[in-house]
Amino acid sequence: MGRNKTLFIALFSAALNTLSANIPNWNYSLDSITPWVTSTDLASLPESKIRGTIDSLARIIPRDERVSLSTYLLTHHPVYNTNWGPEGNLFPEVCEFTSTDTFQFTLLEGSESFYFNYFGSFNWGYGPRWGRMHRGWDLGLNVGDTLKSSFNGVVRYAEYNEGGYGNCVVVRHLNGLETLYAHMSELNCKRGDFVLAGESLGLGGSTGRSTGPHLHWEWRFHCQSFDAMLAIDTSSFALRSDVLTLTKKDLTDPPEYQIKKTAKSKSVYHTVKSGETLSSIARKYKTSVSKLTKLNRLRDANKLKIGQRIRVK
Ligand SMILES: [Zn+2]
Numbered sequence: 023m024g025r026n027k028t029l030f031i032a033l034f035s036a037a038l039n040t041l042s043a044n045i046p047n048w049n050y051s052l053d054s055i056t057p058w059v060t061s062t063d064l065a066s067l068p069e070s071k072i073r074g075t076i077d078s079l080a081r082i083i084p085r086d087e088r089v090s091l092s093t094y095l096l097t098h099h100p101v102y103n104t105n106w107g108p109e110g111n112l113f114p115e116v117c118e119f120t121s122t123d124t125f126q127f128t129l130l131e132g133s134e135s136f137y138f139n140y141f142g143s144f145n146w147g148y149g150p151r152w153g154r155m156h157r158g159w160d161l162g163l164n165v166g167d168t169l170k171s172s173f174n175g176v177v178r179y180a181e182y183n184e185g186g187y188g189n190c191v192v193v194r195h196l197n198g199l200e201t202l203y204a205h206m207s208e209l210n211c212k213r214g215d216f217v218l219a220g221e222s223l224g225l226g227g228s229t230g231r232s233t234g235p236h237l238h239w240e241w242r243f244h245c246q247s248f249d250a251m252l253a254i255d256t257s258s259f260a261l262r263s264d265v266l267t268l269t270k271k272d273l274t275d276p277p278e279y280q281i282k283k284t285a286k287s288k289s290v291y292h293t294v295k296s297g298e299t300l301s302s303i304a305r306k307y308k309t310s311v312s313k314l315t316k317l318n319r320l321r322d323a324n325k326l327k328i329g330q331r332i333r334v335k
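For the sequence shown, my numbering assigns the number 23 to the initial residue and increments by one for each residue that follows.
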């Protein structure tokens, strides 16, 4: 602990030295503060220094003593104090993209790093698969392989998901992006934990809708998944750049998936005219009386009124 504290002071001083002179003093005391820094201390940091400082601090504060870091982020940081959602809600964000929106993210700042969970096989990429969107990458592994956070962030979700993800972790990073890790055999993090890139989230497995051990790994922004290929070079599995720009197109599902979705859910209506019966309307729209009765929850199929609007598809 003595060595840790000395290192802490050195790094902390370095962080302080990078601040401009008019930033208020950090009222910290190594003896009285557990774990050493309060969220109020962090609140006096300028935006441009937050990520670098948090990274430096997290590297010397033991993982289970980083409450001040996550408390600070959850109460002060715009990325964390909006759309955080209640426990158990996998995707609480609201999708509010307009066609001209582009979003820029700094993937790495200061001493931050990136970790790629790779165990030798890249099984599937992002995109439509078997009639539905496959919203991540499938990376082959052995049950029990350690899965680590790709970037620094706070764990937002860490539980068993009934929707098919199995044991699943979602980490929200300091730039607003989220990464999701699914089908794990074991979780060893909890909601609210601050994790550094490369720190363990749990063990690989095949829980949920999975046919064999693998990591299903998603990248997300607000409610929308996107292809990690935009950020990662698949030949080296390294980041293409420290900055990622996403356009509305990157955050929109491929057209073939959209067409299918639209066709399925598109409703057609008919206004009943004089002389029409349910069976004549059914013939006109190449459907059946029973389908129309069901679709419109009609109790008495003979009681159609002129001008009544009924759903035919
Ligand atoms: Zn998958």
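Every residue, glycine too, gets a C-beta built ideally from N, C-alpha and C.
Keep in mind the model is a prediction, meaning the values are calculated, not measured.
Bridge-paired residues (DSSP) for residue i
i	result
GLN330	DSSP lists no partner for GLN330.
TRP239	TRP159, TYR203
TRP146	ASP160
GLY407	There is simply no residue 407 to check, as the chain begins at 23 and stops at 335 in what is shown.
ILE303	None; ILE303 has no bridge partner.
ILE254	LEU261
ARG151	ARG154
LEU209	GLY224
GLU181	CYS190
SER247	ARG242
PHE127	LEU266
Three-state secondary structure (DSSP) of residue i
i	result
LYS170	strand
ILE55	Model confidence at ILE55 stands at a pLDDT of 33, short of 50, so the residue's coordinates are unreliable; what they give is reported in the following sentence. Looking at ILE55 - three-state DSSP - the assignment turns out to be coil, as it is neither helix nor strand.
GLY224	strand
ASN47	Summary for ASN47: the model assigns pLDDT 37, below 50, so the residue's position carries little reliability, and this model does not support an answer.
HIS98	helix
SER70	helix
THR293	strand
LEU91	helix
ARG319	coil
LYS313	helix
SER135	coil
GLU278	helix
LYS325	coil
LYS335	coil
THR229	coil
Sub-8 angstroms separation of residue i and residue j beta-carbons
i	j	result
ILE332	VAL290	no
GLY224	LEU209	yes
LEU91	TYR102	no
TRP106	LEU161	no
ARG73	GLY132	yes
ASN189	TYR182	yes
GLY158	SER247	yes
ASP366	LEU130	The structure shown does not extend to residue 366, since the chain spans only 23 to 335, so no value can be given for it.
LEU196	ARG242	no
GLY166	HIS156	no
GLY219	PHE136	The sequence given here has Ala at residue 219, not Gly. Going by C-beta atoms, ALA219 is nearer than 8 angstroms to PHE136.
ARG194	VAL217	no
ILE303	LEU314	yes
ALA180	ARG213	yes
VAL116	HIS244	yes
PHE138	ASN164	no
GLU298	LEU326	yes
8 angstroms contact criterion, which residue i and residue j should meet: CB distance rounded
i	j	result
VAL311	SER296	Incorrect: roughly 19 angstroms between the Cβ atoms, too far for contact.
GLU221	LYS170	6 angstroms
GLU134	ASP77	5 angstroms
LEU14	LEU252	Here the chain comprises residues numbered 23 to 335, so residue 14 is not present and cannot be evaluated.
ASN111	HIS236	Going by Cβ atoms, the distance from ASN111 to HIS236 rounds to 25 angstroms, so no, they are not a contact pair.
Residue i beta carbon near ligand 2 (any heavy atom closer than 7 angstroms)
i	result
ASP160	Annotation note on ligand 2: not contained in the displayed structure, which lists ligand 1 as its ligands.
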